[in-house]
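Colleague:
Chains as they are written, first to last, in the working numbering: chain R, 1 to 365; chain L, 1001 to 1292; chain S, 2001 to 2278.
Okay, structure coming up:
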């Protein structure tokens, strides 16, 4: 049975539509990431689930109970806010107890739950401190603790890692992964950081322009983006989308010609693609490599070299002005201004139709 | 958050109701009542007779009122500019984070917490020729003490000095707060541009605190137009009405002559004057901001 | 004019200017203090005697024994504390609602309250005197306190302060199942304590020093506040107990306010800064 179900949820602010008929099912104990740029509606959706905003229409169900008309405190959800929203004048213990006291949980039970959460989160020593006396990482744990003690059916996390510095981010990511092993609830986190979503989530929900663009496992979304938006939003550096046209032919797979004249044989089934139709050829950096002139598909000039140590991203400009990103070995000797040959791995290329719909090489082949 | 229906929406009204009730009954209602009373010949004990603009006509022709308005404007002129300049000067000197500056700030503000009664008590026994400190000083120098509180030419300056002494703290604090808003790097940039002290003040500090400057001038003007206690307590408005201010005139008409209607009309005239000053200064600042 | 480095010490000419200024500020107060510790007889005819001993605390003893002065002190305390408490309660409730709750006419009502900032006391005081006479409120504590509760500034100030508190605290409290009242009382109100202190000190000072209204509302000496009482003593000091006693009264009346000032200096300065930034 689905833990959380959204049915046709929509919302507008005045004339501005912010969510357009969103439906989604979340399985028990699943960790879902809402990923999207700002303004995509991901935060609004989270807040509608929490009850901090009211949808104009649609239904929200949690564990078989319809909750969209209930006040936030009665929904069985807990939220970890982006800026933690800890009550500054209360100690950590009081912060965690506040919601339980409002819910009428007996005192011994409150103490027991706090003790357990504090133990799990290793904040026992901080229980009598106030949030102002704690570091950012500790505050985040308290915020998580405040959610845990409520024993909710659903955890909502709003940009949980965005306030932390790089080192703490990695550690907290690990902790969040552990957290979900310990709680018997589904988790939804909102993020604009695709790396965060990819590493943590069981499934990702990519939102843009008020709609769900794609729902799937991180690898599924990375390997088979449903449309051009998802293709460019997920993956870093972003996928290159090169304008191309479908070449006529009877092959099983589509062959396309780039604007500059070069041809690429893909493994995307050609059925349904019209000859001469304009498409975009989608290429991840790892599927474009540097090659000697004779083995190269394209010639280009290097405009930027990004050295990551283990590999190097080479940003190259084709004759027609198109920019393409290639991946090279870590010790690459290439320099800005070099003329290089690019070899395209057509087997791994994606095609996107004029309306953005993605087509991919068959998984089976 | 937008949900909740009628009871929740009315909850907010319950929170503001206590204040609004008092505000309406004790401030807005008397305000409207006053406008009504000013069109009546009315005494303090309830007699009312509609005379339209009669009170206002009387006021326009009343030499006592003319004198009071003149005195009030003169006082405002003698108080506001020097007070503003002094306060700005002191604020500039005290705009630093040293212990000494903090002590001086405390000293310059200390007089502001005293009530008008105490201020006038203190200054009466500085100014009076028979027992005042200045008289004692004049005595020591072998001079005749000046009759500050009984000479037509001296009462207004005497009240002005008392008022400046009393009111200095607030504008200093306002200026200090304004000066803290000026980012330090602007001064560093100016120093690198070899700007002198005057140039820095004229072209950096002054434009940056223009809003504060206007606020000080506005608050002080509005405040001094309502000058009352100093005149009433130091000189009783004398000699010969030479220091009677508008509010003192209102007080005398209402509680000396019991002519409530007339006093209220005078109060409305003062209200109008205050509104004009406020609006004028507001207009001045917005206009200059549009131009700049 | 040195606006260069805020950390630098005070330079020679600036220091000289400040010292002269400080002397002008302090001399009158010191003079008052000196007069207050001289016997009335010694000051008769020659107040210059205050500059040299003998000094005495007789005037202060006389004040403590004087029923009226103690009564006035008590009145001032009741009125000022009552006004302060009232302003804090009313402004906090209204400020919270204006900043956080949705209700009909919220914006219009807020503008209506802001209007009060532009209404000078002069435009209200005489008809209010009439109104209070009708209601029989003169010579009573409510009569002295109520007008002080109508100031718009407190509501405006508290509204601004509530607005500055991050909204996600409200949302966290909602998710924690708190009612509006609980949100106000347990979550937001404790966070406004600095603002309460500032507004409270400000209100206390203004109320303690108020002169015009208590002068016309309290007409029997039993309901005089210290400010009005001292004024009456000042007006006919020739007939009363003499210069030293009068000045001792002045010092005595200033002590509570100076204590408040010294203890709450930070809040006072912050309040001023707040006004200026707006």
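Backbone N, C-alpha and C fix where the C-beta goes; we use that ideal spot for every residue, glycine too.
1) Can you name the start and end residues of the alpha helix (DSSP H) that residue 107 of chain R belongs to?
2) Of the choices S/2133, S/2224, S/2105, whose alpha-carbon is the least far from that of residue 2074 of chain S?
3) Determine the direct distance from the alpha carbon of residue 2118 of chain S to that of residue 1275 of chain L, and round the result to whole angstroms.
4) When you compare only the Cα positions, how much space is there between residue 325 of chain R and residue 67 of chain R?
5) Count the other CB atoms, across all protein chains shown, that sit within 10 Å of the CB of residue 342 of chain R; report buried if there are 16 or more and exposed otherwise.
6) Do you know how far the Cα of residue 2246 of chain S is from the Cα of residue 2044 of chain S?
7) Comparing the C-beta of residue 1277 of chain L with each C-beta of chain S, is any distance below 8 Å?
8) Taking the beta carbon of residue 2291 of chain S as the centre, do at least 16 other beta carbons fall within 10 Å, making it buried, or is it exposed?
9) So with Cβ pairs under 8 Å, would you call residue 2213 of chain S a contact of chain L?
10) Flag this pair as yes or no: are the beta carbons of residue 281 of chain R and residue 351 of chain R separated by less than 8 Å?
11) Indicate whether at least one CB of chain R lies closer than 8 Å to the CB of residue 2106 of chain S.
12) Any beta-carbon of chain R closer than 8 Å to the one on residue 2318 of chain S?
13) What separation, rounded to the nearest whole angstrom, lies between the Cα atoms of residue 1291 of chain L and residue 162 of chain R?
14) How is residue 360 of chain R classed by DSSP in three states: helix, strand or coil?
15) Nearest by alpha-carbon distance to residue 2195 of chain S: which of S/2092, S/2179, S/2046, S/2019 is it?
16) Keeping to the same chain, check which residues put their C-beta closer than 6 Å to that of residue 2263 of chain S; ignore five residues upstream and five downstream.
17) So if I threshold CB-CB distances at 7 Å, which residues from the region 1086–1098 of chain L count as touching chain S?
18) Tell me which residue opens and which closes the alpha helix (DSSP H) that residue 1185 of chain L is part of.
19) Would you grab the beta carbon distance between residue 2244 of chain S and residue 2035 of chain S for me? Rounded to a whole angstrom, and I think it's under 8 Å.
20) So within the region 2134–2186 of chain S, which uninterrupted alpha helix (DSSP H) runs reach at least 4 residues, ignoring any that extend past its ends?
21) Can you give me the start and stop residues for the alpha helix (DSSP H) that residue 1051 of chain L sits inside?
22) Leaving aside the five residues before and after residue 230 of chain R along the sequence, list all residues of the same chain whose C-beta is less than 7 Å from its C-beta, in chain order.
23) Could you tell me the distance, in whole angstroms, from the CA atom of residue 1005 of chain L to the CA atom of residue 72 of chain R?
24) Kindly indicate the opening and closing residues of the beta strand (DSSP E) around residue 248 of chain R.
25) Contact defined as beta carbons within less than 8 Å: I believe residue 2126 of chain S pairs with residue 1138 of chain L. What is the distance between those atoms, to the nearest angstrom?
26) Rounded to whole angstroms, what is the Cα-Cα separation between residue 2081 of chain S and residue 2212 of chain S?
27) Chain R partners of residue 2187 of chain S, CB-CB under 9 Å?
28) Going by CA-CA distance only, name the one from R/347, R/243, R/225 that's closest to residue 235 of chain R.
29) Counting contacts by CB-CB distance shorter than 8 Å, is residue 2200 of chain S in contact with chain R?
30) In chain order, which continuous runs of the beta strand (DSSP E) of length 3 or greater are located wholly inside the region 270–315 of chain R?
31) Helix, strand or coil: how does DSSP classify residue 1259 of chain L here?
32) What number of angstroms, rounded off, separates the C-alpha of residue 1075 of chain L from the C-alpha of residue 1162 of chain L?
33) Going by alpha carbons, who is nearest to residue 2165 of chain S out of S/2253, S/2199, S/2190?
34) Does any CB atom of chain S fall closer than 8 Å to the CB of residue 994 of chain L?
35) Using DSSP bridges, identify the partner residues of residue 13 of chain R.
36) Please report how far the alpha carbon of residue 11 of chain R lies from the alpha carbon of residue 53 of chain R, in whole angstroms.
Modeller: If we stick to the structure as given:
1) 107–121
2) S/2224
3) 8 Å
4) Rounded to whole angstroms, the separation of the alpha carbons of residue 67 of chain R and residue 325 of chain R is 47 Å.
5) buried
6) 13 Å
7) no
8) Outside the displayed span of chain S (2001 to 2278) sits residue 2291 of chain S, for which this structure offers no information.
9) no
10) For residue 281 of chain R and residue 351 of chain R, yes; Cβs fall inside 8 Å.
11) False, the Cβ-Cβ gap to chain R never drops below 8 Å.
12) There is simply no residue 2318 of chain S to check, as chain S begins at 2001 and stops at 2278 in what is shown.
13) Caution applies to residue 1291 of chain L, whose pLDDT of 49 falls short of 50 and renders its modelled position unreliable; the value that the coordinates give is listed next. Their Cα atoms are separated by approximately 43 Å.
14) Per DSSP, reduced to three states, the secondary structure at residue 360 of chain R is coil, with no helix or strand assignment.
15) S/2092
16) none
17) 1090, 1092, 1093, 1095, 1096, 1097, 1098
18) 1184–1192
19) 6 Å
20) 2141–2145, 2152–2164, 2167–2175
21) Where residue 1051 of chain L is concerned, there is no enclosing alpha helix (DSSP H), given that its DSSP letter is neither H nor E.
22) 206, 213, 214, 221
23) Confidence is the limiting factor: at residue 1005 of chain L the pLDDT is only 49, short of 50, which leaves the residue's position unreliable and the question unanswerable from this model.
24) First-last for residue 248 of chain R: undefined, no H or E at that position.
25) Contact flag wrong, Cβ pair sits at about 42 Å.
26) 18 Å
27) 87, 89, 90, 98
28) R/225
29) no
30) 278–283, 288–291, 298–307
31) strand
32) 11 Å
33) Ranking the options by Cα distance to residue 2165 of chain S, first place goes to S/2190.
34) Since the first residue of chain L shown is 1001 and the last is 1292, residue 994 of chain L is not available in this structure.
35) R/16
36) 9 Å
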